[in-house]
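Engineer: Everything in the sequence shown is counted per the working numbering, starting at 25 for the first residue and increasing by one.
Glycine is no exception: its CB is placed at the ideal position from the N, C-alpha and C atoms.
Below is one structure. I have some questions about it.
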Amino acid sequence: MNWISLTSEENSFDEIPMSNGLTAVFITTFGLSATIFAETETQKALTVFMLEKDQSCVGRGNVGFALSELPWRRQTFKQDKAFFLQTLSGIKEELGWQTLDYEPEKELLFPVVNRLIQLTEQLTEELIEEAAAVEWLMAAKEDDPIVTGFPRCEEHQLLLSLYGCHACNDK
Ligand SMILES: [Zn+2]
25 MNWISLTSEE NSFDEIPMSN GLTAVFITTF GLSATIFAET ETQKALTVFM
75 LEKDQSCVGR GNVGFALSEL PWRRQTFKQD KAFFLQTLSG IKEELGWQTL
125 DYEPEKELLF PVVNRLIQLT EQLTEELIEE AAAVEWLMAA KEDDPIVTGF
175 PRCEEHQLLL SLYGCHACND K
């Protein structure tokens, strides 16, 4: 079982639990939508952070993170939060799904997307953990997609993470 919460503090009431299969579908569809909307480096980095939650590499059931830990920047938080919400809504418009060789189960996926929209709406500038963001950005090696100009998968048009293409890995 995986989870996404608002902050990394121990108050699990806001935690969204997800099965392994649903997590993989959510991350892929998030990435497909985000890749369309991401314009700035920060928005692409937020997308890659999400796509790194790749169970084929980090282990099944090992995904757990808080929205506050994403690589947000205070200067552009408002625009980037709007981008994140637009991306979540884009999942419900099935953006990029034509590149997939399966049909995501909307009855399972969309309720999770709706809960994440609610959770993201609660995220404020005060809650973001810039130290976690800096740590993540500093940990990038020289061949990491976040330092090599954000390459994409040719087949899925998805931004790559250091583990490659999330949709290819999930096949
Ligand atoms: Zn791919």
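Using only the alpha-carbon positions, how far apart do Ala48 and Asp194 sit?
Structural biologist: Here residue 48 corresponds to residue number 24 of the sequence shown, with the count starting at 1. Here residue 194 corresponds to residue number 170 of the sequence shown, with the count starting at 1. Rounded to whole angstroms, Ala48 to Asp194 spans 7 Å at the Cα level.
Engineer: Taking 7 Å as the cut-off, is the C-beta of Ala191 nearer than that to any heavy atom in ligand 2?
Structural biologist: Annotation note on ligand 2: not contained in the displayed structure, which lists ligand 1 as its ligands.
Engineer: Kindly indicate which residue of Thr31, Thr59, Gly83 has the alpha-carbon position closest to the one of Tyr187.
Structural biologist: Here residue 187 refers to the residue found at position 163 of the sequence shown. Taking only the C-alpha atoms, the option nearest Tyr187 is Gly83.
Engineer: Can you pull the DSSP bridge partners for Ala90?
Structural biologist: In the sequence shown, the residue the question calls residue 90 occupies position 66. In the DSSP output, where bridge partners are listed per residue, Ala90 has Ser29.
Engineer: Out of Cys177, Leu151, Ile170, Arg139, which has the shortest C-alpha to C-alpha gap to Pro41?
Structural biologist: For this step, residue 41 is matched to residue 17 along the sequence shown. When only C-alpha atoms are compared, the closest one is Arg139.
Engineer: In the structure shown, what three-state DSSP assignment does Leu140 receive?
Structural biologist: Numbered from its first residue, the sequence shown carries residue 140 at position 116. Note: Leu140 maps to helix in three-state DSSP.
Engineer: Using 8 Å as the threshold, is the C-beta distance between Glu39 and Ser29 below it?
Structural biologist: Here residue 39 refers to the residue found at position 15 of the sequence shown. Here residue 29 refers to the residue found at position 5 of the sequence shown. In this structure, Ser29 lies closer than 8 Å to Glu39 by Cβ.
Engineer: Using beta-carbon positions only, say whether Glu117 and Ala156 come within less than 8 Å of one another.
Structural biologist: Within the sequence shown, the letter at position 93 stands for residue 117. Within the sequence shown, the letter at position 132 stands for residue 156. No.
Engineer: Could you check if Glu150 is buried or exposed, using at least 16 other CB atoms within 10 Å of its CB as the buried criterion?
Structural biologist: Within the sequence shown, residue 150 is the residue found at index 126, counting from 1. Glu150 should be labelled exposed.
Engineer: Flag this pair as yes or no: are the beta carbons of Gly85 and Asn44 separated by less than 8 Å?
Structural biologist: Translated into the one-based positions of the sequence shown, residue 85 becomes position 61. Translated into the one-based positions of the sequence shown, residue 44 becomes position 20. Yes, Cβ-Cβ distance for Gly85 and Asn44 is below 8 Å.
Engineer: Of all the options Phe107, Trp27, Met162, which has the alpha carbon lying nearest to the alpha carbon of Thr59?
Structural biologist: Taking the first residue of the sequence shown as position 1, residue 59 is located at position 35. Comparing Cα-Cα distances from Thr59 to each of Phe107, Trp27, Met162, the minimum goes to Phe107.
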